[in-house]
Amino acid sequence: MSPRVGPYGLLSHERIIAAAIEVADEAGLEAMTMKRVAARLGAGVMSLYRHVSDKDELIGAMVEQVTAEFSYPDPSGLSWREAMHVLAGQDWAAFLAHPWMLTATATVTPPFGTASLAAMEWALTALEEADLPPDAAARVVMTINNYVQGSARVVLGDRQSEAGDDPGRMWKQRLHDVDLSDFPRLSSLIAGPLPAGERDWFTEGLDVILDGVQAQQKP
Numbered sequence: 006m007s008p009r010v011g012p013y014g015l016l017s018h019e020r021i022i023a024a025a026i027e028v029a030d031e032a033g034l035e036a037m038t039m040k041r042v043a044a045r046l047g048a049g050v051m052s053l054y055r056h057v058s059d060k061d062e063l064i065g066a067m068v069e070q071v072t073a074e075f076s077y078p079d080p081s082g083l084s085w086r087e088a089m090h091v092l093a094g095q096d097w098a099a100f101l102a103h104p105w106m107l108t109a110t111a112t113v114t115p116p117f118g119t120a121s122l123a124a125m126e127w128a129l130t131a132l133e134e135a136d137l138p139p140d141a142a143a144r145v146v147m148t149i150n151n152y153v154q155g156s157a158r159v160v161l162g163d164r165q166s167e168a169g170d171d172p173g174r175m176w177k178q179r180l181h182d183v184d185l186s187d188f189p190r191l192s193s194l195i196a197g198p199l200p201a202g203e204r205d206w207f208t209e210g211l212d213v214i215l216d217g218v219q220a221q222q223k224p
């Protein structure tokens, strides 16, 4: 009896991951079930378990696949600050392209495949120029990751916003007609002019973090 062939061809680990990513992109991580992935592949649910042991393993493989899609340049050609901007930019692009990654990276045990380990190594290598102790360098990477995830949640959680919208501008607009008489400092802030023109709020926020890192460097 020949193997069952679905829309993706013969069932394989790679095709299961690709189908799972498609389902999660379309409907979210909670809707990504083994049953739904099997239906996408035109296969039986039990046939998936010949390639992945359970849903958690599949989600880990999905995160690893998305991580592998984003290549990093040679860090030796970048300053440590430029490299951290690249790191943040890669994560930002991944979260906007695959919003389910926010849930996956927060709730599932991080995968330690080649792509994930290579990304960690790249970031730590780039930070060697900053002359930080290893644990401090790790905290920098973690802080940047947290900043990117938080920013992505704000943008993706606001159904009326676009990826490039300035959250600060939107925040001021929403509070503009609120009675803030009991909050004088906040009232003064909101009453002030909106930021003129377009600004790269994401980069500006990241630079606030990197300024703090730079201040820790030895003179």
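Mapping of the sequence shown onto our numbering: position 32 corresponds to residue 37, and the numbering continues sequentially without gaps. All C-beta atoms, glycine included, are put in the ideal place defined by N, C-alpha and C. These figures come from a predicted structure and were not determined experimentally.
{"query": "Does DSSP classify Leu-15 as helix, strand or coil?", "result": "strand"}
{"query": "Measuring CB to CB, does Leu-16 end up less than 9 Å from Ala-36?", "result": "no"}
{"query": "Find out if the Cβ-Cβ distance for the pair Phe-100, Leu-92 is shorter than 9 Å.", "result": "no"}
{"query": "Would DSSP call Met-125 helix, strand or coil?", "result": "helix"}
{"query": "Find the nearest neighbour of Gly-94 within the set Arg-55, Pro-189, Leu-191, Ser-76, judged by alpha-carbon distance.", "result": "Ser-76"}
{"query": "Going by other Cβ atoms of all chains shown within 10 Å of its Cβ, with 16 needed for buried, is Pro-189 buried or exposed?", "result": "exposed"}
{"query": "How big is the Cα-Cα spacing for Met-125 and Ala-43?", "result": "33 Å"}
{"query": "Buried or exposed: His-103, going by 16 or more other Cβ atoms within 10 Å of its Cβ?", "result": "buried"}
{"query": "Where in the segment 28 to 90 do unbroken runs of the beta strand (DSSP E), each at least 3 residues long, occur, reported from the N-terminal end onward?", "result": "none"}
{"query": "Give the range of the alpha helix (DSSP H) segment to which Gln-154 is assigned.", "result": "139 to 162"}
{"query": "Once the 5 residues before and after Ala-128 are set aside, which same chain residues still bring their CB inside 7 Å of it?", "result": "Leu-92, Val-146"}
{"query": "Leu-92 by DSSP, collapsed to three states: which one?", "result": "helix"}
{"query": "Quick check: Val-153 and Asp-205, are their CB atoms within less than 9 Å of each other?", "result": "no"}
{"query": "Since Val-57 contacts His-90 with CB under 8 Å, what's their CB separation in whole angstroms?", "result": "Val-57 to His-90, Cβ: 35 Å. No contact."}
{"query": "For Ser-192, which of helix, strand or coil comes out of DSSP?", "result": "helix"}
{"query": "How should Gln-165 be labelled, buried or exposed, when 16 other C-beta atoms within 10 angstroms of its C-beta is the threshold for buried?", "result": "At Gln-165, the pLDDT of 48 sits below 50, so the modelled position is not reliable; the number obtained from the coordinates is stated separately. Gln-165 should be labelled exposed."}
{"query": "By the three-class DSSP mapping on this structure, what secondary structure does Val-218 have?", "result": "helix"}
{"query": "Ala-120 and Leu-132 look like a contact to me (Cβ under 8 Å); what is the Cβ gap, rounded to whole Å?", "result": "At roughly 19 Å, the Cβ-Cβ gap does not stay under 8 Å, so Ala-120 and Leu-132 are not in contact."}
{"query": "Can you tell me whether Asp-136 is helix, strand or coil according to DSSP?", "result": "coil"}
{"query": "Where does Ala-168 fall in DSSP's three states?", "result": "The predicted position of Ala-168 is uncertain, since its pLDDT is 48 and thus under 50; a value taken from the coordinates is nonetheless stated next. Coil, per DSSP."}
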